[in-house]
Amino acid sequence: MKTMNTDDNFNNTSNRTELPIPPGIPQSIIIRVIETCGVNYEIKKDELFDKEYPVLYGDKDNIENAKSYLILFTEAKLALRDIARLARRFKKEVKVYTNDEDLKHAIELVLNDITNKDKIEILNEKLDSEDFETINICGKTLYVFV
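Counting from 1085, one number per residue, gives the positions in the sequence shown under our numbering.
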């Protein structure tokens, strides 16, 4: 017969912090956040409104990281989607560069979910060309070379 220590179970749940996921966030972004931040996913049921909603849960530090990465991954995906769409429309190859490691990591992960990702190349160093545009993603600069 297996017994459970209720004090340990209470302590584990008291350290648990939840982050409700806003509607419209793609599942691919949610999975990237779970993998990157070490948080868990759960569907909660609201008895009052008889609705179900997704939440991420984990330690407070992990949830704070998950919140910032959720925004970063979503913004990066939207920006890359628009860049890829314009590159396809104008039949151009586009090179992107950033000196921020978090944004570069986000772009590398999210690029796999983008249609026409073959039109976008991630650079390791900034080109000397003056033919570029800058995009601000969550306070970080992304250089787009056409």
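Yeah, the Cβ is synthetic: ideal placement off N, Cα and C, and Gly gets one too.
- Within the segment 1091–1167, the runs of beta strand (DSSP E) that reach at least 3 residues and sit entirely inside it are, in chain order, 1101–1104, 1124–1130, 1135–1142.
- Under the three-state reduction of DSSP, LEU1226 is assigned to strand.
- Its chain contains TYR1153 as the residues whose beta carbon lies nearer than 6 Å to that of THR1120, once the 5 sequence neighbours on both sides are disregarded; these appear in chain order.
- Counting C-beta pairs closer than 8 Å gives fewer than three between the segment 1126–1136 and the segment 1152–1168, which falls short of the contact rule.
- Counting C-beta pairs with one atom in each stretch, the segment 1171–1187 and the segment 1134–1142 have fewer than three that are closer than 8 Å, which means they do not touch.
- Sorting HIS1189, SER1213, PRO1107 by C-alpha distance to the C-alpha of GLU1136 places PRO1107 at the top.
- Here DSSP, grouped into helix, strand and coil, assigns ASN1183 to coil.
- In terms of Cβ geometry, ILE1219 and ALA1163 form a close pair [threshold 7 Å].
- If you look at PHE1216, you'll find it in the beta strand (DSSP E) that goes 1216–1221.
- GLU1205 is bridged by DSSP to LYS1179.
- By the neighbour-count criterion, in which 16 or more other beta carbons inside 10 Å mark a residue as buried, LYS1161 falls on the buried side.
- Taking the C-beta atoms as reference points, LYS1201 is found nearer than 7 Å to LEU1195.
- For the pair LEU1103 and TYR1125, the Cα-to-Cα distance works out to about 10 Å.
- Around the beta carbon of ARG1100, fewer than 16 other beta carbons sit within 10 angstroms, so the residue counts as exposed.
- Exposed is the label assigned to ILE1127, since fewer than 16 other Cβ atoms lie within 10 Å of its Cβ.
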